[in-house]
Structure formats: C-alpha cells, structure tokens
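Numbering follows this note's numbering, with no gaps: position 236 of the sequence shown is 222.
Structure first, then comments.
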Amino acid sequence: MQKELIFIGLGRMGAAMTAQLVEQGYTVYGFDIDENARHEVEKTGVKTYESIPQAIAAGNGQKIVWMMVPSKFVDDVLLQITHELRAGDIIIDGGNTFYTDTKRRAQEAATQNLHYVDCGTSGGVEGARHGASLMVGGPHEVIKTIEHIFLALAAENGYGHVGASGAGHFVKMVHNGIEYGMMGAIAEGMSFIEHHQAELELTPIESLKPYEHGSIISSSLMSWLAEAYKTPGYLEGIVGEVPPGETEAEMEYLVAKNQSPVLAAALQQRKDTRGNPTRTGTLISAMRNKFGGHKTINK
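Encoded structure:
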C-alpha cells in the first residue's frame, strides 16, 4: 500500500486534511500558490514545493494527486497536473465541482490513460482535520487501490463509494441542497425565538441546549450556531447578508428541475438578504462561517 500523495491546494480544508494524513502516517507533498499557506502546513509535516511540477516530481511510483481548489480553477490546475503525470496515475478532485464537469474530465483523463476520481467532502474544517464525510465516485477497481486514503480521512462510517465517475460530486451537490434547507429552517426558528424573547422571557442559548442535545433536530449545524451564540460579540459583528457561495450555481441547477421547493425557498431566502439584511441572514452567515470559514459581511 502506497502511503504517499501529492496535495494541490492547502487552504483551510487542504491544510486540515493534509495534517490528518500526516498524522495517519502518510507522506504528503504539497503545493499552494499562497506562500503563507505552504509555510503553515510545513509545521504539520507536509513537504511543500514552489510549483506543481516540483510537488508531483517529488512523488514515487504511481502518482496520486489530490486537488482541493475552488471549482473555477480546476481546469487550469488540471492542465498543469496532467502534463506531469504518466499512464496509470490517479487524480482526485475533492472540491465542490459540478458533476457534469467531473464526468467530462474523467472522460478526458481516460484518453490519456489517467484515472479520475471525484470526492465530495463535507464536515467543515473540523471534520477535515478529525474525520470528514466523503462521497466518492469512480471505477471500482481504481477506488479499491486508494480506498485506504479515504478511510484515513473519513469519520467512522463517513466514507462511501457512491457510484461511477461524477457520482461523488452529484451526491455532494444534493447534500448541499439539504444543507441549505436545514440552515434556513434553523435560522428562521431561532429568529422566531428571539422575536418572542420579551413576551416569554426566552433565553436563546438555553433554548438551543435541548435543540442541540437529544432532540430530533440535533445536528452539527445546531451546535455551530450554539457556539456562535456563546461567543461574545460574534453575532453582533455580522451583517445579515448571505453572500453568494461556491455552491449557489449548483443549487440553481437543482431548483430548475422543479422538484425541490424547500431548496428553492432556502435559496431565495439567502438572495433576499442581499441589500436587505435580516437576522435570519446573520444566523445563516454565522453557521457558514463556523463550519467552513466562509466569507461573511462584517459590521
């Protein structure tokens, strides 16, 4: 079993995942365009390089290259990667890529005798560091040879080989749609509690305790929002506008299928906050920031 890989993209998620891999006994050769990001991961034992070709050249035997970059940069990064690979090498795309793009890239990689695997990644930065949710797509015979990497990164029972090429990113897209709806519902509910604080002498933090522990609606999202409430000045520092995220175009795709009224409402809820800030928008932004360090609009 080859316990080494090349990791391209060392931002919050990439840094957390590579730290987890090194801790699990893997040798990781990394690259990021940001010099500071490279210096930070070196502290966890990642060997970094100043270019993609240098990072790939450092690997031995069959090359396994994991991309963790924003979806808009995948084609550019992929072009640099494929120039450095040989037949039989493996590329893993762990970002929020639209599944039809993944299918196209897998077909293009196959013409070069390269293997292309897609991995939808969830759980936020904390999950990436201590056990993520991984939704993997690709040929069975290829996945079996690198499954140990996914198992090293995943939470217990948090890894699934969900289907053929593109399936991992498709399942992650659906996951994101569910997430939009859950976040919108949680934020609306807590806004409603706040609105009735004076009437019933409600305490939002105390109200969140039973929500967070043992209830039907317990979730990581609820816990992250509870953390935001408990952090002095945290919510007060966030304007109630939810900026467009990397996954919004995918959500538009799902809504256009006219099969997801909950997602449609959650997406419109976010859009309505832009230029018209709301408390619900603040709470959604707080959850997004807590699990992924997403951009928020601060006061």
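Glycine included, each C-beta is placed from N, C-alpha and C at the ideal position.
So the candidates are the options; which of them puts its Cα closest to the Cα of residue i?
{"i": "Glu227", "options": "Asp104, Met273, Pro196", "result": "Met273"}
{"i": "Val14", "options": "Gly278, Tyr215, Ala43", "result": "Ala43"}
{"i": "Met121", "options": "Leu137, Lys33, Val157", "result": "Val157"}
{"i": "Gly175", "options": "Glu185, Glu165, Pro190, Tyr102", "result": "Pro190"}
{"i": "Asp104", "options": "Ser57, Ala114, Gly74", "result": "Ser57"}
{"i": "Gly113", "options": "Asn262, Glu213, Ala5", "result": "Ala5"}
{"i": "Lys(-11)", "options": "Leu137, Thr88, Ala214, Met54", "result": "Leu137"}
{"i": "Ile270", "options": "Val51, Ala173, Met53", "result": "Ala173"}
{"i": "Thr266", "options": "Pro218, Asn244, Glu236, Tyr166", "result": "Tyr166"}
{"i": "His126", "options": "Phe178, Arg256, Ala153", "result": "Ala153"}
{"i": "Glu213", "options": "Ser201, Ile203, Pro230, Lys195", "result": "Lys195"}
{"i": "Ala95", "options": "Gly106, His69, Asp20", "result": "His69"}
{"i": "Gln98", "options": "Ile224, Gly231, Gly106, Ile67", "result": "Ile67"}
{"i": "Ser37", "options": "Gly223, Gly16, Gly45", "result": "Gly16"}
{"i": "Thr30", "options": "Pro39, Gln255, Gln10", "result": "Gln10"}
{"i": "Tyr220", "options": "Thr268, Gln245, Ile77", "result": "Thr268"}
{"i": "Leu65", "options": "Gly45, Pro39, Lys89", "result": "Pro39"}
{"i": "Arg256", "options": "Gly0, Val32, Gly170", "result": "Gly170"}
{"i": "Met(-1)", "options": "Gly106, Ala73, Ala250, Lys89", "result": "Gly106"}
{"i": "Gly231", "options": "Lys243, Asn275, Asn244, Ile77", "result": "Asn275"}
{"i": "Lys89", "options": "Asn46, Gly149, Val32", "result": "Gly149"}
Just to check my reading of the structure: residue i and residue j have Cβ atoms closer than 8 Å, yes? What is that Cβ distance to the nearest angstrom?
{"i": "Leu71", "j": "Leu100", "result": "6 Å"}
{"i": "Gln48", "j": "Asp75", "result": "6 Å"}
{"i": "Ile132", "j": "Ile50", "result": "6 Å"}
{"i": "Arg24", "j": "Leu(-4)", "result": "6 Å"}
{"i": "His199", "j": "Met(-13)", "result": "About 40 Å; that fails the 8 Å criterion."}
{"i": "Tyr85", "j": "His155", "result": "4 Å"}
Tell me which residues share the same chain as residue i and place their Cβ nearer than 8 Å to its Cβ, disregarding the 5 neighbours each side in the sequence.
{"i": "Glu142", "result": "Gly117"}
{"i": "Met168", "result": "Ser205, Leu207"}
{"i": "Val60", "result": "Met53, Asp79, Gly81, Thr83, Asp87, Arg91"}
{"i": "Phe178", "result": "none"}
{"i": "Arg115", "result": "Ala2, Met3, Ala5, Gln6"}
{"i": "Tyr12", "result": "Lys(-11), Glu(-10), Leu(-9), Ile135, Ala138"}
{"i": "His288", "result": "No answer is possible for residue 288: the residues shown for the chain start at -13 and end at 285."}
{"i": "Lys216", "result": "Ile191"}
Excluding the five sequence neighbours on either side, which residues of its own chain have a C-beta within less than 6 Å of the C-beta of residue i, listed in chain order?
{"i": "Thr233", "result": "Asn82, Asn162"}
{"i": "Phe277", "result": "Gly110, Trp210"}
{"i": "Thr124", "result": "Inspection of the sequence shows that residue 124 is occupied by Gly rather than by Thr. Excluding sequence neighbours, Gly124 sits near Val103, Ser151."}
{"i": "Ala41", "result": "Ile(-8), Tyr15, Phe17, Tyr35"}
{"i": "Arg260", "result": "Glu227"}
{"i": "Val248", "result": "Gly167"}
{"i": "His147", "result": "Val122, Ile129"}
Sort out for me which residues DSSP pairs residue i with in a bridge.
{"i": "Ile(-8)", "result": "Tyr15, Val51"}
{"i": "Thr34", "result": "Gly16"}
{"i": "Ile289", "result": "The structure shown does not extend to residue 289, since the chain spans only -13 to 285, so no value can be given for it."}
{"i": "Ile76", "result": "Ile50, His101"}
What residues in its chain sit with their C-beta under 7 Å from that of residue i, if we drop five residues either side in the sequence?
{"i": "Ser108", "result": "Ala118, Ser119, Lys158, His161"}
{"i": "Val295", "result": "Here the chain has residues from -13 to 285 only, and residue 295 is not among them."}
{"i": "Gly144", "result": "Gly117, Ala118, Ser119, Leu120"}
{"i": "Thr34", "result": "Gly16, Phe17, Arg24, Val27, Glu28"}
{"i": "Glu180", "result": "Pro190, Arg265"}
{"i": "Ser193", "result": "Ile179"}
{"i": "Glu236", "result": "Phe84, Met159, Asn162"}
Cβ-heavy atom distance between residue i and the ligand NAD below 6 Å?
{"i": "Leu139", "result": "Within the structure as shown, the ligand NAD is missing, as the structure has no ligands at all."}
Could you confirm whether any beta carbon from chain C is found closer than 7 Å to the beta carbon of residue i?
{"i": "Glu28", "result": "In the displayed structure, chain C is absent; only one protein chain is listed."}
Next on the checklist: If we require 4 or more residues per run, which alpha helix (DSSP H) segments fall completely within the segment 83 to 123?
Outcome noted: 85 to 97, 110 to 116
Next on the checklist: List, from N- to C-terminal side, the alpha helix (DSSP H) runs of 4 residues or more that fit wholly inside the segment 136 to 220.
Outcome noted: 153 to 181, 183 to 186, 190 to 198, 206 to 216
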